[in-house]
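Colleague: Numbering (the numbering used here), first residue to last: 110 to 246. Structure below; questions to follow.
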């Protein structure tokens with residue numbers, strides 16, 4: 110008798126329920142992260158008095174819809190690419206990616222390096238003192 114080789118185990122496609130339980134919350138988390146990134150940047154600008162208006166609310170308000178949509182799409186894409194992974198790994202990865210994007214947005218748009226802000230509250234780089242030094246700005 111010859112031993113028969115068993116075919117390699119393949120992971121089955123996730124069910125529709127599992128997909129909905131991961132893709133919908135991931136997208137909603139992306140929308141929320143986009144809004145929070147804009148709020149964080151606006152708060153930093155307002156604190157340092159950097160921006161054309163109070164906190165750059167007009168400028169940052171114009172980017173609200175495109176930025177939240179972009180964050181939602183990125184979250185959906187990351188969750189979809191990890192479709193065959195456990196739900197906790199999918200959503201955890203989505204949250205890490207969104208946090209990284211929010212920090213990147215804060216570093217690029219929240220701190221206006223060289224803008225003549227209030228020097229008594231912030232330095233010339235317009236990074237507020239409440240921002241952790243170990244995070245990029």
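Glycine is no exception: its CB is placed at the ideal position from the N, C-alpha and C atoms.
(1) Whose C-alpha, out of 226, 192, 243, is nearest the C-alpha of residue 156?
(2) Using the Cβ count rule (16 or more neighbours within 10 Å means buried), how would you classify residue 151?
(3) Rounded to whole angstroms, what's the CA-CA distance from residue 214 to residue 145? Just pull it up for me.
(4) Please say whether residue 185 and residue 136 have beta carbons closer to each other than 8 angstroms?
(5) Locate the alpha helix (DSSP H) running through residue 247, then write down its first and last residues.
(6) What did DSSP end up calling residue 77 once you bin it into helix, strand or coil?
Modeller: Reading from the atomic positions:
(1) Taking the chain shown and counting its residues from 1, one reaches residue 156 at position 47. Nearest C-alpha to residue 156: 226.
(2) Position 42 of the chain shown holds residue 151. With 16 or more other Cβ atoms within 10 Å, it is buried.
(3) One-based indexing of the chain shown puts residue 214 at position 105. One-based indexing of the chain shown puts residue 145 at position 36. In a straight line, the C-alpha of residue 214 is about 10 angstroms away from that of residue 145.
(4) Translated into positions along the chain shown, residue 136 becomes position 27. Translated into positions along the chain shown, residue 185 becomes position 76. Going by C-beta atoms, residue 136 is nearer than 8 angstroms to residue 185.
(5) Missing from the structure shown is residue 247; the chain here goes from 110 to 246 and no further.
(6) Residue 77 falls outside the range modelled here, since the chain spans only 110 to 246, and no answer is possible.
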